[in-house]
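Have a look at the structure below, then the notes.
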Amino acid sequence: MDPTKPHGFFLASFLVLVLLGDLTEACSCKPANLRAACCRSPVVMRAKFMSISRDSDLDPYLRQNIYRIIPTKVYKGPKKLILQESLYTPSSDAYCGYKHRGPLKGEEYVFSGSSFENRVSILRCSFAKPWNQLTSAEKKILNHGGDEICSCYLDGLRCQ
């Protein structure tokens, strides 16, 4: 009997477990705090969430959920985003799609995301919180805007 066969089996099993572990952890994230989200994300805005639809034209694995929104304020990002009426996110959990927890009846949310070719996108690890649940300190952070938001957010440490 070849003494390397058991080692090869254990090595292959270990590699499969490691790779599967990475896939299942792809979308795990701690809840984003507002200051970190403002520093890391190219887009931070406030909008009313109105409805949701699915882009069915794409391959099932690439489908997008499309939230219809009414922007009320752009805190970070191109000011023309105030005209944006749609917010895109992958419909698949495997691609870290955002699941809106609140009602789709015009409740205002502040959220972070990204923008590419006039499309605003949000993911599961993005910051998203109802406007009426923000603290006065969080609202102050938003109203300062620009580089001041990140001026004391260094090396991952929050400032007071």
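When you line the sequence shown up against mature numbering (1 follows the signal peptide of the UniProt record, and there is no 0), it's residues -26 to -1, 1 to 134, in that order. Cβ coordinates follow ideal geometry from the N, Cα and C atoms, glycine included. Because the structure is a prediction, the values reported are computed rather than measured.
Burial state of residue i (16 or more Cβ within 10 Å)
i: Gly51; result: buried
i: Asn39; result: buried
i: Phe90; result: exposed
i: Leu61; result: buried
Closest residue to residue i among the options (Cα-Cα distance)
i: Arg98; options: Lys22, Ser65, Glu112 and Ile43; result: Ser65
i: Lys53; options: Lys113, Phe85, Ser95 and Val18; result: Val18
i: Lys73; options: Asn106, Leu108 and Tyr41; result: Tyr41
i: Trp105; options: Ile26, Leu8 and Tyr69; result: Leu8
Three-state secondary structure (DSSP) of residue i
i: Ser30; result: coil
i: Gln107; result: helix
i: Asn39; result: strand
i: Lys50; result: strand
i: Lys114; result: helix
Endpoints, the alpha helix (DSSP H) within which residue i is located
i: Ala10; result: Leu8 to Arg14
Kindly provide the ranges of any beta strand (DSSP E) runs that are 3 or more residues long and lie completely inside the stretch 65 to 102, ordered along the chain.
Here the runs fully enclosed are 81 to 90 and 93 to 95.
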